[in-house]
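Asks: Every letter in the sequence shown is one number past the one before it in this note's numbering, and letter 74, counting from 1, is 289.
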Amino acid sequence: MSVRFWDPDGTKFGIPTYPWRLAPDGLATRRQLRIRGLRPGGQNIAAQILRPRRRRGPLTAYLYRVDLALPVRPMTPARWAALAKANAARRRCPECHRDAGYVIPPTLGMCVTCAYPEEQRAA
Numbered sequence: 216m217s218v219r220f221w222d223p224d225g226t227k228f229g230i231p232t233y234p235w236r237l238a239p240d241g242l243a244t245r246r247q248l249r250i251r252g253l254r255p256g257g258q259n260i261a262a263q264i265l266r267p268r269r270r271r272g273p274l275t276a277y278l279y280r281v282d283l284a285l286p287v288r289p290m291t292p293a294r295w296a297a298l299a300k301a302n303a304a305r306r307r308c309p310e311c312h313r314d315a316g317y318v319i320p321p322t323l324g325m326c327v328t329c330a331y332p333e334e335q336r337a338a
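1. Roughly how many angstroms separate the alpha carbons of Ala276 and Glu334, rounded to a whole number?
2. What did DSSP end up calling Ala264 once you bin it into helix, strand or coil?
3. So, Val281 versus Gly241, is the Cβ gap smaller than 7 angstroms?
4. Excluding the 5 residues preceding and the 5 following Asp222 in the sequence, name in chain order all residues of the same chain whose CB lies nearer than 6 angstroms to its CB.
5. Would you be able to state if there are at least three C-beta pairs under 8 angstroms between the segment 283-303 and the segment 244-255?
6. Per DSSP, Asp314 is paired with what?
7. Whole angstroms is fine: what's the gap from Met290's alpha carbon to Ala299's?
8. Among Ala297, Ala261, Leu265, Val327, which one has its Cα closest to the Cα of Cys311?
9. Does the distance from the CB of Ala293 to the CB of Arg306 come in under 7 angstroms?
10. Once DSSP output is grouped into helix, strand and coil, what is the label at Pro289?
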């Protein structure tokens, strides 16, 4: 493990920092909290984990205290409806105004049929 990322006092990095896979018990990432059915709940970042990479800067994962985490808010019918409406908007082509049947790629900005009409005629 990388010793250069060992800073439990936070003197070098500003917040307590640990190497990859060496975080103390009682701290968890957002993803780990979500698996437990929890969320950070507005608390500040308690620490961070740094993972070295070869040609780029290290990967950073922020840690939150598990004892201060709150339960995840349940999905209400209104939230389900808003999520369905947002997903439907991602599937609607702005050119032909039809449901494409898939999420429109942001690189194209329209469905494949509208983006490449000459290839569709040949097929």
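Even glycine gets a Cβ: it sits at the ideal position worked out from N, Cα and C. These figures come from a predicted structure and were not determined experimentally.
Replies: Taking the definition as stated:
1. Straight-line Cα distance between these residues: approximately 44 angstroms.
2. First, the residue type needs correcting, since residue 264 is Ile and not Ala in the sequence shown. For Ile264, the three-state secondary structure derived from DSSP is strand.
3. In this structure, Gly241 lies closer than 7 angstroms to Val281 by Cβ.
4. Within the same chain, and ignoring the five residues on either side of Asp222 in sequence, the residues whose Cβ sits closer than 6 angstroms to its Cβ are Phe228, Thr232.
5. Yes, since at least three Cβ pairs between the segment 244-255 and the segment 283-303 fall closer than 8 angstroms, the two stretches touch.
6. Per DSSP, Arg307.
7. If I take the Cα positions, the gap works out to 12 angstroms.
8. Checked all of Ala297, Ala261, Leu265, Val327; the closest Cα to Cys311 is Val327.
9. Arg306 is positioned such that its CB atom lies no closer than 7 angstroms to that of Ala293.
10. Correct three-state label for Pro289: coil.
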